[in-house]
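In case it helps, the working numbering puts the sequence shown at residues 93 to 160.
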Amino acid sequence: QIAQCIQDVLQPLGVGVVVEGAHECMTTRGIHKRGVSMVTSKMLGSFREDARTRAEFLRFIEVGNGRR
């Protein structure tokens, strides 16, 4: 919904959205692991169609490296 809203309002050539968050069920119930996060992403336009553009974006934000 975030990516689509940006696309609809701004009409850019591409939109990339990456959201990272902790699930309480993974830290307080069941698995009981601290520091566990989930990442979801949505790519539209050039970020979806062009693998090089997408890779550059993901490298820029360092997804999966624990640094933002």
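Heads up, the beta-carbon is just placed ideally off N, CA and C, and yes, glycines get one too.
Here DSSP, grouped into helix, strand and coil, assigns leucine 102 to helix. In this structure, glutamate 112 lies away from valine 128, with their beta-carbon atoms at least 8 Å apart. When the alpha-carbon of glycine 108 is set against those of Asp100, Met135, Ile153, Arg144, the nearest one is in Met135.
Taken through DSSP and simplified to helix, strand or coil, glutamate 112 comes out as strand.
In the three-state reduction of the DSSP assignment, serine 129 falls in the coil class.
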